[in-house]
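Student: Taking this note's numbering, I'd label the letters of the sequence shown as residues 10 to 168.
Glycine included, every Cβ here is placed at the ideal spot set by N, Cα and C.
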Amino acid sequence: DDSLERLYERNPISFLFNLKYGFSLILLAGLFVIFSYEEPYTKYKNKHNLNELSYWIKNNTSYDDQFITKDIDTVFFRAYLKRSIVADGMMPFTNKSIQDFSKRFDLYNNIHSLNLVQLACDFDDYKMDYFLTKDYFNDASLMFSSDNWFIYDLRLINC
């Protein structure tokens, strides 16, 4: 760079100081990033108190089970717990899927206005197995509960 050459020609000590300062700044920024980084799954799991919930899902459900929820990040749910989500805001990539997506998205948006019987019976064509929520329902289909989370087995509800 022409301006660096001119700076070096005018004052070599100032030039070296600027290089050391710039390198030190880059080194400090790198060290900050390295030591402040927290793995995203762990950060999200700890922030939302998901340890018990994650353990129960991984040990009591199969990879084929379908979940419906609006209370947890569905990308985290799919990637970390490796379970399917029936409906969320993820847009499909094919025209054929858009109509089905629209129906599922309506379900996703209105999930908190529905009761367990409506979820299990009115939407049975979606083959939902579990409902994960922060809301408590006094129902025999309750399979898991913690301070923050409840899982209901929708297959146990009589339609």
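(1) Can you give the Cα-Cα distance for residue 118 and residue 76, rounded to whole angstroms?
(2) Provide the residue(s) that pair with residue 151 in DSSP beta bridges, ordered along the chain.
(3) Go ahead and pull the three-state DSSP assignment for residue 140.
(4) Taking only the alpha-carbon atoms, compute the straight-line gap between residue 110 and residue 98 and give it to the nearest angstrom.
(5) Please name the residue in 41, 63, 52, 36 whose C-alpha comes closest to that of residue 157.
(6) For residue 100, is the classification buried or exposed, using 16 other Cβ atoms within 10 angstroms of its Cβ as the cut-off for buried?
(7) Less than 9 Å between the beta carbons of residue 168 and residue 144, yes or no?
(8) Taking the straight line between their C-alpha atoms, what separation do you get for residue 87 and residue 80?
(9) Taking the alpha carbon of residue 53 as the reference point, which residue from 73, 43, 82 has its own alpha carbon closest?
(10) As a quick exercise: from 96, 112, 129, pick the residue whose alpha carbon is nearest that of residue 84.
(11) Assuming residue 108 is part of the alpha helix (DSSP H), what are its boundary residues?
(12) Quick test of your reading: residue 70 and residue 139, contact by CB under 8 Å. State the CB separation rounded to the nearest angstrom.
(13) Give the DSSP bridge partners of residue 78, in chain order.
(14) Could you work out which residue in 112, 105, 72 is closest to residue 93 when comparing CA atoms only?
(15) What number of angstroms, rounded off, separates the C-alpha of residue 137 from the C-alpha of residue 42?
Tutor: Let me lay it out:
(1) Counting from one through the sequence shown, the residue named residue 118 turns up at place 109. Counting from one through the sequence shown, the residue named residue 76 turns up at place 67. Cα to Cα, residue 118 sits roughly 15 Å from residue 76.
(2) Taking the first residue of the sequence shown as position 1, residue 151 is located at position 142. Answer is 161.
(3) Numbered from 1 along the sequence shown, position 131 holds the residue referred to as residue 140. Strand, per DSSP.
(4) Taking the sequence shown and counting its residues from 1, one reaches residue 110 at position 101. Taking the sequence shown and counting its residues from 1, one reaches residue 98 at position 89. Approximately 9 Å, taken between the alpha carbons.
(5) For the purposes of this step, residue 157 is taken as residue 148 along the sequence shown, with counting starting at 1. Residue 157 has its Cα closest to that of 63, out of 41, 63, 52, 36.
(6) As a first step, residue 100 is located in the sequence shown; it is residue number 91 there, counting from the start. With fewer than 16 Cβ atoms within 10 Å of its Cβ, residue 100 is classed as exposed.
(7) Indexing the sequence shown from 1 puts residue 168 at position 159. Indexing the sequence shown from 1 puts residue 144 at position 135. Contact flag unset, no.
(8) Taking the sequence shown and counting its residues from 1, the one referred to as residue 87 is at position 78. Taking the sequence shown and counting its residues from 1, the one referred to as residue 80 is at position 71. If I take the Cα positions, the gap works out to 14 Å.
(9) Numbered from its first residue, the sequence shown carries residue 53 at position 44. Among 73, 43, 82, the Cα nearest to that of residue 53 is on 82.
(10) Within the sequence shown, the letter at position 75 stands for residue 84. Out of 96, 112, 129, 96 has the C-alpha closest to the C-alpha of residue 84.
(11) For the purposes of this step, residue 108 is taken as the residue at position 99 of the sequence shown. Where residue 108 is concerned, the enclosing alpha helix (DSSP H) stretches over 104 to 119.
(12) Taking the first residue of the sequence shown as position 1, residue 70 is located at position 61. Taking the first residue of the sequence shown as position 1, residue 139 is located at position 130. Yes, they are in contact, since the Cβ atoms of residue 70 and residue 139 sit about 7 Å apart, within 8 Å.
(13) On the sequence shown, position 69 is the one that residue 78 refers to. According to DSSP, which records beta bridges pairwise, residue 78 is partnered with 141.
(14) Locating residue 93 in the sequence shown gives position 84, where the first residue counts as 1. Nearest option by C-alpha distance: 72.
(15) Indexing the sequence shown from 1 puts residue 137 at position 128. Indexing the sequence shown from 1 puts residue 42 at position 33. Approximately 41 Å, taken between the alpha carbons.
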